[in-house]
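Asks: Okay, here's the structure, questions in a sec.
Here's what the structure looks like:
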């Protein structure tokens, strides 16, 4: 887990590259590496996880010095790939980075389909003077870039690109869609003009004459390869894949822990982590707020009582939270998910303070096993557990409202439920959660691993019949059946709880002056033209008076103020 950065073109220089790497040093404080040649500068911030020696520092050159790699992520099956490559390549390190580079040298772009991991990387060919860059299937690791007539800039974070003079100008359309529809942009978009992201499952190629982006991972095609088997056989096979996925993600030369909440997905993670020999003593991390209406601590403690993992409980209170909101806004570069993300950030800080450098997390089960309530209601909602729209387009000016256009997502399947799952995997839920999670984990210089997003698990579960996912109105049905062999029915069949923090109450009470401050900044800024100020003030008054089923619109205004107004 690291940071990558570089410039290809006539503006490449040591000074610019050093500025980029300094800006994202939190992503990899263990080593800062630079490789500079004519018209190209490639850099790397290293967070040492596998092969902690300096021999594995990056940018990494192959034995012939032809290829230069800067890579962010982990290739979990690097041990197996290395065995296939040992007769072809003379390895000098025990790193997964060198395995990735050797795989590219042997198989070219076809190596991508052999990788089980999270990654974004750049490889420069010193002979052809060509760049090849790729991003993992679901876009777990980020890759941002900016192109002008003579230069190509790339980095792991948006602020890194801004640090070398790329203007911080809002992409009005993306902001409008965020305010009206809650969209965080399409897979190639960002909230900033002239800065794009390489979509998950895509690669790009670039030289002095051409630039192209192509899709290398077709989820919808992969799904066709799966054949339906009996319920018993399907349950057995998914359990096998789940065990293997978690086992692979323990490959590290540093301490590993895991995050846990009171939900089913964390229960699965807890149960299967402890099936690995010697893992029952690894640290679990959870947060609580002291508000029993939201805290999941009783469920967490019940779960932990079964396995006896050491549990680190992190209290999130309103004390100092205003500074934390501003701080995480700076790390995120774009709007993020609210106070639950702040709580999540505290877990990574606590882990790092406890000498835990890698954390496992339970993201991805709802999307593959149809766990959200709107899957059964068959609507196009994006938010779990609300009956009233969380958006307030009525506070926007007519001109700004005209910029918005409801996002249209591909629907490659005949079944509506599958299309909703597909949307959440590739356009809405997972992309935004992965971005939030990457930034808060890297802010604490820790690595986050998502075992449930192993592509084998996602494809296999997605391809199963609907009644394996939802049976007698019980969602994530087979998953619950699997975990029931390890945990109590109270945990296994607990309903999904969509709210984790008292954000609604805090914004209207303890943090109301903070909201007032941000609204004042907004009202007296050039972005006031985006709003009907009277309607904005009225909505805020209604919220404070108790119209607070959803706080998302309040959080949107805070996000805009933090990110756009100095």
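Numbering (UniProt numbering), first residue to last: 1 to 566.
All C-beta atoms in this analysis are idealised placements derived from N, C-alpha and C, irrespective of residue type, glycine included.
#1: Give a yes or no on whether the C-beta atoms belonging to residue 368 and residue 457 are separated by under 8 Å.
#2: Could you have a look at residue 368 and say whether DSSP puts it in helix, strand or coil?
#3: Taking 8 Å as the limit between beta carbons, can you name the residues of its chain near residue 365, skipping five residues before and five after?
#4: Out of 86, 128, 438, 55, which one is the CA nearest neighbour of residue 119?
#5: Quick one: residues in its chain with C-beta nearer than 8 Å to the C-beta of residue 166, no 5 flanking neighbours on either side, listed in chain order?
#6: Should residue 445 go down as buried or exposed, given a rule of 16 or more other Cβ atoms within 10 Å for buried?
#7: Would residue 55 be called buried (16 or more neighbouring beta carbons within 10 Å of its own) or exposed?
#8: Going along the chain, which residues of its own chain have a beta-carbon closer than 6 Å to the beta-carbon of residue 159, five neighbours each way excluded?
#9: Give the range of the beta strand (DSSP E) segment to which residue 135 is assigned.
#10: Give the single residue among 198, 443, 416 whose Cα lies nearest to the Cα of residue 138.
#11: Whose C-beta lies closer than 6 Å to the C-beta of residue 331 among residues of the same chain, with five residues either side of it excluded?
#12: Express the C-alpha separation of residue 554 and residue 512 in angstroms, rounding to a whole number.
#13: Considering only the alpha carbon of each residue, which of 530, 28, 190 lies closest to residue 432?
#14: Give, in chain order, every unbroken run of the alpha helix (DSSP H) that is at least 4 residues long and sits entirely within the segment 424–466.
#15: Given this structure, state the Cα-to-Cα distance separating residue 212 from residue 133, to the nearest angstrom.
#16: Taking the alpha carbon of residue 546 as the point to measure from, which residue in 319, 506, 18, 530 has its own alpha carbon closest?
#17: Is there a Cβ of chain C sitting closer than 8 Å to that of residue 489, yes or no?
#18: If you draw a straight line from the alpha carbon of residue 127 to that of residue 150, how long is it in whole angstroms?
#19: With respect to the alpha helix (DSSP H) encompassing residue 508, which residues constitute its N-terminal and C-terminal limits?
#20: Enumerate in chain order the residues of its own chain whose CB-to-CB distance from residue 328 is below 8 Å, with the five nearest sequence positions on each side excluded.
#21: Can you give me the C-alpha to C-alpha distance between residue 395 and residue 180, rounded to a whole angstrom?
#22: Which stretch, first to last residue, makes up the alpha helix (DSSP H) that contains residue 523?
#23: Contact defined as beta carbons within less than 8 Å: I believe residue 259 pairs with residue 316. What is the distance between those atoms, to the nearest angstrom?
#24: According to DSSP, residue 162 sits in a beta bridge with which residue or residues?
#25: To the nearest angstrom, how far is the alpha carbon of residue 521 from that of residue 400?
#26: In this structure, how does DSSP classify residue 217 when only helix, strand and coil are distinguished?
#27: For a test of the three-state rule: what should DSSP assign to residue 475, helix, strand or coil?
#28: Give the range of the alpha helix (DSSP H) segment to which residue 566 is assigned.
#29: By Cβ distance below 8 Å, which residues in the same chain neighbour residue 163 in space, the five residues on each side in sequence not counted?
#30: Please go through the segment 145–210 and give each complete alpha helix (DSSP H) segment of 4 or more residues, from N-terminal end onward.
#31: Using CA coordinates, which residue listed in 562, 30, 70, 221 is at the minimum distance from residue 323?
#32: Can you tell me which residues form a DSSP beta bridge with residue 360?
#33: From residue 270 to residue 548, what does the alpha carbon distance come to, in whole angstroms?
#34: Hey, residue 59 and residue 293 are a contact pair by Cβ (cut 8 Å); roughly how many whole angstroms apart?
#35: Do you know offhand how far residue 226's Cα is from residue 422's?
#36: Tell me which residue opens and which closes the alpha helix (DSSP H) that residue 533 is part of.
Replies: Walking through what the data contain:
#1: yes
#2: helix
#3: 264, 265, 268, 371, 452, 476, 479
#4: 438
#5: 146, 153, 194, 195
#6: buried
#7: exposed
#8: 23, 333
#9: 130–135
#10: 198
#11: 439, 443
#12: 10 Å
#13: 190
#14: 429–443, 455–462
#15: 11 Å
#16: 506
#17: Looking for chain C here will not work: only one protein chain is present.
#18: 20 Å
#19: 503–508
#20: 336, 341, 342, 345, 439, 440, 443
#21: 10 Å
#22: 512–523
#23: So it is not a contact: roughly 14 Å between Cβ atoms.
#24: Paired residue(s): none; residue 162 is not in a bridge.
#25: 18 Å
#26: coil
#27: strand
#28: Counting along the chain, residue 566 falls outside any alpha helix (DSSP H), and DSSP gives it neither H nor E.
#29: 19, 20, 22, 23
#30: 158–162, 172–181
#31: 562
#32: 258, 449
#33: 34 Å
#34: Not a contact, Cβ separation roughly 50 Å.
#35: 16 Å
#36: 533–544
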